[in-house]
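Chemist:
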Ligand code: ADP
Ligand code: MG
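Residue numbers (my numbering): 49 to 294.
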């Protein structure tokens, strides 16, 4: 079944057509890379899918529901998760508190006074253990090594139990060994949870090492959609992006 169906999507910024007539589908449990040069429209496409930006034309459907009128918070609750190019945790709170707040956010209305998020300690510890951060539970997010911060961010996105996780450059700024370790973890979690993943990535080692399918954006347009082998051999993709790099 298709989890996500994007049809003829368009997003303009003034004179810049950042997303230009993009159509794509993501099925349950798929592991898909979205690649393309800087400025190709990858982050903008994610922002339209998760509701941070309104599209100028086209449609986004998730589990056969139209998303246009739904806020980002509602889309998160429906099962669309997101991690960002720049990690977004509460810096002064511990890893455990961050996970507790993320768990509470999906389950409770905002309340004045009582810190209800404190209830979720056990689930929060389990979540941190899943991303390899059990030992860091008591550390302030601001003191975490960069790779650990990215793992924490992954835990926060998982707190809502997504069926589709959008990851914008999850391994940016990481050493090659760390990248592979993080992507192995994401792959494991995706299989265990039956979760689909759509990720943007510049490292071709990561793209061709992990993705089962590759989408290529160039100047807002989807110019290829296929297996890693087919995309790697595509002359148009080599022209606009890969060059002789792959
Ligand atoms: P990518 O993530 O592939 O590097 P982006 O989606 O960030 O690409 O950007 C696509 C295009 O849209 C670029 O030309 C960028 O300058 C432009 N753009 C992105 N966000 C904004 C914005 N908030 N306001 C104006 N232009 C933007
Ligand atoms: Mg981007």
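We treat Cβ as the ideally placed atom computed from N, Cα and C, and that holds for glycine. Quick caveat, the model's predicted, so the values are computed rather than measured.
1. Check each residue's C-beta against every heavy atom of the ligand ADP and list, in chain order, those closer than 5 Å.
2. With 16 other CB atoms within 10 Å as the buried threshold, where does residue 160 fall?
3. Are there 16 or more other CB atoms within 10 angstroms of the CB of residue 236, so buried, or fewer, so exposed?
4. Locate the beta strand (DSSP E) running through residue 105, then write down its first and last residues.
5. Out of curiosity, what's the CA-to-CA distance linking residue 146 and residue 137?
6. What would DSSP say about residue 211, mapped onto helix, strand or coil?
7. What's the gap between the Cα of residue 67 and the Cα of residue 267?
8. Decide if residue 289 is buried, meaning its Cβ has at least 16 other Cβ atoms within 10 Å, or exposed.
9. Measure the C-alpha to C-alpha separation of residue 127 and residue 80 and round it to an integer number of angstroms.
Modeler: Looking at the coordinates:
1. Selection output, chain order preserved: 61, 64, 66, 86, 87, 88, 89, 90, 91 and 92.
2. Confidence in residue 160 is poor, its pLDDT being 49 and thus under 50, which makes the residue's placement too unreliable to answer from.
3. exposed
4. 105–110
5. Distance between the alpha carbons of residue 146 and residue 137: 7 Å.
6. coil
7. 8 Å
8. buried
9. 17 Å
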